[in-house]
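Let me begin by presenting the structure, written as structure tokens, before commenting on it.
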Amino acid sequence: MRYISTRATGTPERKRFCEILLEGLAPDGGLYLPETYPQVDAATLTRWRGLAYADLAFEVLSLYVDDIPADDLRALCRKTYTEEVFGTAAIVPLTRLENGLYLEALSNGPTLAFKDMAMQLLGNLFEYELARRGEELNIFGATSGDTGSAAEYAMRGKKGVRVFMTSPDGRMSPFQQAQMFSLLDDNIYNIAITGVFDDCQDLVKAVSGDLEFKRKYKIGTVNSINWARLMAQVVYYFAGYLQSTKTNDERVSFTVPSGNFGNVCAGHVARMMGLPIAQLVVATNENDVLDEFFRTGVYRVRGTADTHETSSPSMDISKASNFERFVFDLLGRDGARTADLFGTQVPRQGRFDLGADPAFAQAASRYGFASGKSTHADRLATIRDTWQKYGVVVDTHTADGLKVAHAHRVPGVPMLVLETALPIKFAATIVEALGREPERPAKFEGIEALPKKVRVMAPDVQAIKDLIAQACD
Ligand SMILES: *Cc1c(COP(=O)(O)O)cnc(C)c1O
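Here the sequence shown is numbered in my numbering, starting from 1 and rising by one per residue.
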């Protein structure tokens, strides 16, 4: 298996999995994708029924990774996907709400959001590959919540890796702050920046933009465009399908609460591999960049003033950073056109329009995509309805998914809604909807009172660089 960039033209550079594992964007600014999608036939799918999640993960991953010995890869999967870390033996158990409507739980990992599904594997893959190369990596990032804590919980205690995570001082919820700042591991550096999230992102840009510093101190990231994260997410589409069907003649649909298009892009990859998925329904909140595209063919990046702060904050995006991968496939893998759209039109005009392109109609007809949008009022109503009808409390992001899923159900085709976080993370909105606090898993009882390790710093590039340099000495 080799990987190419979505902006590749001519005779593209073809890389192996471990070469792109620790990289972000391809040098031409594109995103990495496998050269072809491996096909999973009916006999294979039948053989996979009944596998434990970790072994299913090994089967899927070994189609994409040929530069880690099979026994090592299997061991990494088994070390990652354990009942101890993910709460149940099924890892991603289904809850049946009613006939043909299920929730697939992706949020029982250490930080109670679906990003753990991929990040926990990434932590083990990084540790393995860095040890093999005898190298170190300093992950430097900015977070306003989910991504940073998932990264810290994945990398804590890992050899060869340090995490420097900036967040806007005092702006995360008390629960989120407690989750991150209570990590006392030596290789985790929590940095509360006296400023807003944009100040944190500017620091990341400034530090990564100093190429000499970046090379000297091995600065890396773990953002959602990393192929290994996407690949890890493909597995739970297979697991959801296998749990909800008895034979391979059945098809199911998925509805995915979406922001950067990472989660649902993994569904697209699973479908391209031959998994019998009828529809992939993209659910957005008020930040409806993706819904607008799937309705009209127009992809329009939003400005800061146009980006809404919502009660499903992990879907508050101005652009969808993984979307380029799907557009590359939609355009018949035309790297030159993809480069023109994302490398020229988006930076210059902030938009492109495929509405009149025959390829656009194929997003639905050939690739199974549909979409919908949900607002704060929809979220409250869905949380209330789901509680009253099924006795289940869902979080705000999952509520967006359920709201949109209802509009796309087809008789005879089970609809699986991906549950992307637990309600406790967004307690204020649950109280607004139900008038009561959501349940708190036992292991999070009293975390606000735990000792915290965090440094408060001004948004000063040199001070941050000094901190990183000192830690590496
Ligand atoms: C990150 C996140 C999303 C959005 O996922 P994408 O891969 O960015 O589309 C949805 N819900 C929750 C809870 C998240 O943390």
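Every residue, glycine too, gets a C-beta built ideally from N, C-alpha and C.
If you check the C-beta of Ser173 against ligand 1, you find no heavy atom less than 8 Å away. Of the candidates Cys18, Glu13, Glu448 and Val40, the residue whose Cα lies closest to the Cα of Val235 is Val40. Annotation for Arg455: Ile191 place their beta carbon closer than 6 Å to its own, counting only its chain and skipping 5 residues before and after. Per DSSP, the beta bridge partners of Met415 are Leu101 and Ser253. In this structure, the alpha-carbon of Ser224 lies about 11 Å from that of Met231. A Cβ-Cβ contact shorter than 9 Å links Ser167 with Gly148. According to the DSSP assignment, Asp378 belongs to no beta strand (DSSP E) but to the alpha helix (DSSP H) extending over His376 to Tyr390.
In the three-state reduction of the DSSP assignment, Leu94 falls in the strand class. With a threshold of 16 other beta carbon atoms within 10 Å, Cys265 meets it and is buried. The C-beta distance from Arg384 to Leu434 rounds to 7 Å, short enough to meet the 8 Å contact threshold.
Non-local beta-carbon contacts of Leu137 in its own chain, meaning distances under 7 Å to residues more than five positions away in sequence, involve Leu22, Phe126, Leu130, Gly160, Val161, Lys218 and Gly220 in chain order.
Within the chosen limit of 8 Å, ligand 1 reaches the beta carbon of Ile317 through at least one heavy atom. For ligand 1, a non-hydrogen atom lies closer than 8 Å to the CB of Phe261. Of the residues assessed, Thr310 falls on the buried side of the cut-off, its CB having 16 or more other CB atoms within 10 angstroms. Thr338 and Gly50 do not touch by the CB rule: their CB atoms are close to 40 Å apart, not below 8 Å. Non-local beta-carbon contacts of Gln345 in its own chain, meaning distances under 8 Å to residues more than five positions away in sequence, involve Arg351 and Phe352 in chain order. Taking C-beta atoms as the reference points, Ala278 and Ser253 count as a pair closer than 9 Å. Cα atoms of Val301 and Val281: separation of roughly 20 Å, rounded to the nearest angstrom.
By DSSP's assignment, Tyr32 forms a beta bridge with Ser5.
Residue burial annotation: Asp146 is buried, with at least 16 other C-beta atoms found within 10 angstroms of its C-beta. Contact annotation: Ala283 and Val404 have beta-carbon atoms nearer than 9 Å.
Runs of beta strand (DSSP E) with 3 or more residues, each lying fully within the region 267-309, are found at 277-284 and 298-300, listed in chain order. Between Val163 and Gly141, the C-beta gap is smaller than 9 Å, which places the two residues in contact.
Annotation: the continuous beta strand (DSSP E) that includes Phe369 extends over Phe369 to Lys373.
With a threshold of 16 other beta carbon atoms within 10 Å, Val327 meets it and is buried. Distance from the CA of Gly170 to the CA of Phe444, rounded to the nearest whole angstrom, comes to 20 Å. Under the three-state reduction of DSSP output, Ala428 falls in the helix class.
Cβ-Cβ distances below 7 Å link Phe181 to Asn190, Lys452, Lys453 and Val454 in the same chain, with the five nearest sequence neighbours on each side left out; the list follows chain order. Per the DSSP secondary-structure output, Ala363 pairs with nothing in a beta bridge.
A Cβ-Cβ contact shorter than 9 Å links Asn187 with Met155. Taken from the Cβ of Val65, every heavy atom of ligand 1 lies 8 Å or farther away. In the three-state DSSP reduction, Thr166 falls in the strand class (E or B).
Contact between Arg366 and Thr6 fails: their C-beta atoms lie close to 18 Å from each other, not under 8 Å.
Collapsing the DSSP output to three states places Phe342 in a helix.
When distances are taken from the beta-carbon of Lys373 to the heavy atoms of ligand 1, even the shortest one reaches 8 Å or more.
Ranked by Cα distance from Gly391, the first of Val431, Leu97, Glu59 and Met117 is Leu97.
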